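Be aware that the sequence shown starts at 472, since it is given in this note's numbering, and climbs by one per residue.
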Amino acid sequence: MTARVAIIGAGPSGLGQLRAFEQARKAGAEVPEVVCFEKQTDWGGLWNYTWRTGLDQFGDPVHGSMYRYLWSNGPKECLEFADYTFDEHFGKPIPSFPPREVLADYITGRAEASGVRKHVQFQT
Numbered sequence: 472m473t474a475r476v477a478i479i480g481a482g483p484s485g486l487g488q489l490r491a492f493e494q495a496r497k498a499g500a501e502v503p504e505v506v507c508f509e510k511q512t513d514w515g516g517l518w519n520y521t522w523r524t525g526l527d528q529f530g531d532p533v534h535g536s537m538y539r540y541l542w543s544n545g546p547k548e549c550l551e552f553a554d555y556t557f558d559e560h561f562g563k564p565i566p567s568f569p570p571r572e573v574l575a576d577y578i579t580g581r582a583e584a585s586g587v588r589k590h591v592q593f594q595t
């Protein structure tokens, strides 16, 4: 029987775990079948802003604590992936307290660079 792992959510934590499994697989480790279930249409977790309100296509309330012009209240140095820096992603230094859209772009870039999309099932 093949071991299976479900990761709930394709936010920074879920994507970090997916990347760890993918890296282990590439290193030759025996890795279980991994599927990440993401309710939204894209990754990013709370950093994935939507203007929508009301109910989603599943009949669940749409709620987000994010707003369009939010800026991080924590320094990017504490939010950075260990093997993918903000400087590497943007090609230049950025402020320590970036806006939401910069963090969302960075998270998307990390996910795309790691090649984990094949493991994510969106709108589930």
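We treat Cβ as the ideally placed atom computed from N, Cα and C, and that holds for glycine. Computed from a predicted model, the values in this text were never measured in an experiment.
Proximal residues to residue i (C-beta, below 8 Å), its chain only, five neighbours per side dropped
| i | result |
| --- | --- |
| A575 | G515, W518, N519, Y520 |
| G586 | E493 |
| P532 | G525, L526 |
Exposure of residue i, with buried meaning 16 or more beta-carbon neighbours within 10 Å
| i | result |
| --- | --- |
| F568 | exposed |
| R539 | exposed |
| K479 | The sequence given here places Ile at residue 479; Lys does not occur at that position. Its Cβ having fewer than 16 others within 10 Å, I479 is exposed. |
| Y492 | Per the sequence shown, residue 492 should be read as Phe rather than Tyr. It counts as buried. |
| H534 | exposed |
Test item: CB-CB of residue i and residue j under 9 Å
| i | j | result |
| --- | --- | --- |
| D527 | K547 | no |
| A582 | A481 | yes |
| L486 | I565 | no |
| S543 | P570 | yes |
Heavy atom of the ligand NAD within 8 Å of residue i beta-carbon
| i | result |
| --- | --- |
| V533 | You won't find the ligand NAD in this model; it holds no ligand whatsoever. |
Residue i versus residue j: straight-line alpha-carbon distance, rounded
| i | j | result |
| --- | --- | --- |
| Q592 | R490 | 15 Å |
| L541 | V573 | 10 Å |
| P483 | M537 | 15 Å |
| R475 | E501 | 12 Å |
| T524 | D513 | 17 Å |
| F508 | E559 | 28 Å |
| G499 | V505 | 16 Å |
| C549 | G530 | 36 Å |
| A477 | Q594 | 15 Å |
Contacts around residue i, its chain only, beta-carbon distance under 7 Å, and the 5 residues preceding and following it disregarded
| i | result |
| --- | --- |
| G562 | none |
| A584 | Y555 |
| E551 | F557 |
| H590 | L489, V505, V506, C507 |
| K497 | none |
| Q495 | Inspection of the sequence shows that residue 495 is occupied by Ala rather than by Gln. Same-chain partners within the cutoff: V502. |
Cβ neighbours of residue i in the same chain (closer than 6 Å, five flanking residues each side left out)
| i | result |
| --- | --- |
| R588 | none |
Original post:
Can you list, in chain order, the stretches of the alpha helix (DSSP H) that have 4 or more residues and sit fully within the region 475-536?
Top reply: 483-497
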